[in-house]
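Chains as they are written, first to last, in my numbering: chain A, 1 to 263; chain B, 1 to 467.
Shown next as structure tokens:
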């Protein structure tokens, strides 16, 4: 009786070709937080992506849309279409709210042929955490919170990612992979921080009261840092924390995903 | 004082109500979480949306059917174009019956048409019989939530009110004693009333049946003891059939309180039959009040609302400003949408800005109304109607500059250059204490992040080349 055939050793899957990624840096990151853009590029390259930066991009137009000026929003959105329509591969942004603008608002904001282009772009536009976890299949990418010992952090789910895009698992998955920090869930964690774009200028007192609740509940849960992926929320929360002199740091998730914890 | 629009919305938080609202909202959140484990929430809300969308799409024919079936069952139907006409119908019915004592069930529609004032002017004493409504009526206050009218108050405030009314002492901890006191007062009113006036949660067209959900039993008394029952309903509350009704009478309490049934649900098809107890007359007053004009517009989905109040609890702005902060009968996200839609004066247009557009309301809505998108569209509509705004010129200029890469980059470079000295003075920390108009509102409460002297697109070009 012949010996049963020895099963062939599993052939290792060929490494997936490095996906070419189009960086949609977003205007607030470009102008106010360029280092978040640089860290996003470094992270994507570390994960094997080739990163391109379509140089004619400006803003997605969301400030005008949510302020009630859809025509001005279209004028600026047209620029996004021009900048990305002829590119290939996934479009990735470190800012969920702008992705929500492209995915949710563009297809109904633009008309005719432009709407079709917008729909095609929307289908390949991702926020950074989902792209890494779901598209690249990397539930964790390491990283470490700077300093020795453990820091307690609270994750703030930005609303357009949580409610608009339905994404909550991916950023938490990445955050859990970061060494040097423990994660706490503050009271009323699901509430908006009060940024809301021009809401922060129109209903200033309400906006600030919402930030205070967010900051106080993070502190109350023992957090010493708040992490998010919305640069608007970060700017609002850090601006308020600084004004009050609170012992809270505010970070973009990508800051913590640096391999050496170099913040 | 009530009516659709009462006063300008407030732009400040109300620290007196926020803790009460957080507490109520937390209760709602935990009940809701439990309830979602028992049903397929997404399938349930899609079914609820379909039922409501079908009703609003076929509104004229369903109203006609409802009227025919209700009249066949012995009821009467009265149509009102606006609140004033609805009030006239109700006052006339009371007068024709010689009634001067009425008991009222909770009805936001009655607040919308300012029915209390119309009844008082006609010499008809109408007492609110929902406990929360009774409290706000006695305080000369007004409801601050669709379903929980006194949610902005706490037990201490209620105990003080009842003590003033009765000359007795009440322990705020002993809520049972507070409830018993109110029950005693209200029972006497129920027995004396000639007319019971209620709202309607939904009307089933195929049988001419009115459904009213409640927690306290006051609706059962108000629709059974008095000789006449007058029901007031916005026309959009009609639905086609019992298949839809059986879903919505579960969905409404599920979204509102996390329970699959209200404590009591009354189904009323005409007056009492020969030999039965119950009212001799049942009148339905159907209020249009601007609703028909919303049909066929991009805002039609706002008419799908079943008034569950879920979007109020979900809304962080509602929790800060409270129901009264909206200055209108309908508060919270749905109030910010339907008030400007129903209000022909334009006075409430500003309500569209009473939201951070976070979208928590959309997730909570049992009929999937895209409240955030509607708020954005209402902002645009407000600008179209009132175009002479400096802000419009600002955004137009901004769009021109930022729709071209060259001018976008130029503005970035200018901001960077202008702020560079400041930037260095601040030790490159990049945060500022004061900004000029139109950004001064930001720095009233927050430090501001300064533009970076070297934006990302400059750094990319420097390191990677390219244009």
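Backbone N, C-alpha and C define an ideal beta-carbon position, used for all residues, glycine too.
query, result
"Segments of 4+ residues assigned as alpha helix (DSSP H) that fall wholly inside the region 369-455 of chain B", "371-385, 390-402, 405-425, 440-445"
"Under 8 Å from the C-beta of residue 75 of chain A: neighbouring residues of chain B", "399, 400, 403"
"Limits of the unbroken beta strand (DSSP E) element including residue 57 of chain A", "Premise fails: residue 57 of chain A is in no beta strand (DSSP E) and is neither H nor E."
"Best match in B:198, B:445, B:362 for proximity to residue 204 of chain A [C-alpha to C-alpha]", "B:445"
"Of the listed residues B:184, B:338, B:275, nearest to residue 295 of chain B (C-alpha basis)", "B:338"
"Terminal residues of the alpha helix (DSSP H) in which residue 251 of chain B lies", "242-257"
"CB of residue 204 of chain B within 9 Å of CB of residue 168 of chain B, strictly", "no"
"Spatial distance of residue 26 of chain A from residue 97 of chain A (CA atoms)", "10 Å"
"Check whether residue 28 of chain A and residue 232 of chain A have beta carbons under 9 Å apart", "yes"
"Run of the beta strand (DSSP E) containing residue 202 of chain A, from where it starts to where it stops", "Taken as a continuous stretch (DSSP letters only), residue 202 of chain A belongs to no beta strand (DSSP E), being part of the alpha helix (DSSP H) at 199-202."
"Bridge partner(s) assigned by DSSP for residue 104 of chain B", "B:128, B:197"
"Those residues which DSSP pairs with residue 22 of chain A across a bridge", "A:52, A:91"
"Proximity test, Cβ basis, 9 Å: residue 236 of chain A and chain B", "yes"
"Assumed close pair residue 542 of chain B, residue 310 of chain B - CB separation to whole angstroms, cut-off 8 Å", "Nothing about residue 542 of chain B can be reported from this structure: the residues present for chain B run from 1 to 467 only."
"Straight-line gap, residue 84 of chain A to residue 70 of chain A (C-alpha atoms, nearest Å)", "21 Å"
"Runs of alpha helix (DSSP H) lying entirely within the region 177-240 of chain B, each at least 4 residues, in chain order", "218-224"
"Residue 181 of chain A: first and last residue of the uninterrupted beta strand (DSSP E) it sits in", "181-184"
"Supposed close pair residue 58 of chain A, residue 405 of chain B - CB separation, criterion 8 Å", "6 Å"
"Beta carbon of residue 78 of chain A nearer than 9 Å to that of residue 403 of chain B", "yes"
"Where the beta strand (DSSP E) through residue 121 of chain B begins and ends", "Note, residue 121 of chain B: premise wrong, no beta strand (DSSP E); alpha helix (DSSP H) at 115-121."
"Minimum C-alpha distance to residue 276 of chain B - residue among B:227, B:348, B:180", "B:227"
"Of the listed residues A:200, A:194, A:228, A:152, nearest to residue 222 of chain A (C-alpha basis)", "A:152"
"Chain A within 9 Å of residue 360 of chain B, Cβ atoms only", "yes"
"Own chain residues within Cβ distance below 7 Å of residue 442 of chain B, not counting five before or after", "435, 448"
"Integer-rounded CB distance, given that residue 256 of chain B should sit under 8 Å from residue 147 of chain B", "6 Å"
"Residues, ordered as in the chain, of the region 41-66 of chain A that lie near chain B by beta-carbon distance below 7 Å", "53, 55, 56, 58, 59, 64, 65, 66"
"Within chain A, partners of residue 28 of chain B - CB distance below 8 Å", "In chain order: nothing, as chain A lies at least about 12 Å away."
"Interface partners of residue 392 of chain B on chain A, CB under 8 Å", "69"
"Pairwise C-alpha distance: residue 401 of chain B and residue 416 of chain B", "16 Å"
"Listed by chain order, chain B residues near residue 72 of chain A by CB distance under 8 Å", "395, 396, 398, 399"
"7 Å Cβ cut-off: residues of chain B touching residue 163 of chain A", "358, 359, 360, 362, 363"
"For residue 155 of chain A, the residue or residues it bridges with in DSSP", "A:227"
"Chain A residues whose Cβ lies nearer than 7 Å to that of residue 321 of chain B", "206"
"Proximity of residue 209 of chain B and residue 69 of chain B at Cβ, strictly below 9 Å", "yes"
"Proximal residues of chain B, C-beta to C-beta of residue 24 of chain A below 7 Å", "Those do not exist, as residue 24 of chain A stays about 11 Å from chain B at its closest Cβ, beyond 7 Å."
"Through-space distance from residue 149 of chain B to residue 186 of chain A, alpha-carbon basis", "29 Å"
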